[in-house]
Amino acid sequence: MNTDSIYALMDAVIVGSGVYIIYLYINMITTGKLRQSMLIPQNLDVKKCKDVPGYIAYTGTKQLIFGIVAIVCGAVGLVQDFTQLIGVVPYLITIVLFFAYAIWFGFQIKKAAKMFW
Numbered sequence: 212m213n214t215d216s217i218y219a220l221m222d223a224v225i226v227g228s229g230v231y232i233i234y235l236y237i238n239m240i241t242t243g244k245l246r247q248s249m250l251i252p253q254n255l256d257v258k259k260c261k262d263v264p265g266y267i268a269y270t271g272t273k274q275l276i277f278g279i280v281a282i283v284c285g286a287v288g289l290v291q292d293f294t295q296l297i298g299v300v301p302y303l304i305t306i307v308l309f310f311a312y313a314i315w316f317g318f319q320i321k322k323a324a325k326m327f328w
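Residue numbers (our numbering): 212 to 328.
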């Protein structure tokens, strides 16, 4: 396996994660319930959330944007991996954007856990 295929695999996983994040967002919005998932810290019991509608309101838009960012950044990466049409600098910018948003989102989830549990 060469480095190009490793990057393509990483980008495909990022796209898949984005799709999953949006699925969790849609599920959360339509049911009004939380599911134990990768987006909620493992040490928290979703049944013990003090204010589920408040948590959904606080994290919902951030979660949707995270899913969109993941899909777009992963797709840009896949295009670059297979066609080299985008260029290295824009590709690196999308990687930095994805990881920066992922780190920020992680801090927001920790903040939400303190507020709603």
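Just so it is clear, CB atoms sit at the ideal spot from N, CA and C, and this is done for glycine as well.
All values derive from a computational prediction rather than experimental measurement.
Each residue's CA atom was taken as its position, placing W328 and I297 some 44 Å apart. M326: member of the alpha helix (DSSP H) spanning 299-327, first to last residue.
For K273, the uninterrupted alpha helix (DSSP H) segment begins and ends at 263-294. Secondary structure of K259 (DSSP, three-state): helix.
When the beta-carbon positions are compared, L245 and Y266 come within less than 8 Å of each other. By the criterion of at least three beta-carbon pairs nearer than 8 Å, the stretch 280-294 is not in contact with the stretch 246-260. The stretch 256-263 makes no contact with the stretch 305-319: fewer than 3 CB pairs, one atom from each, lie closer than 8 Å.
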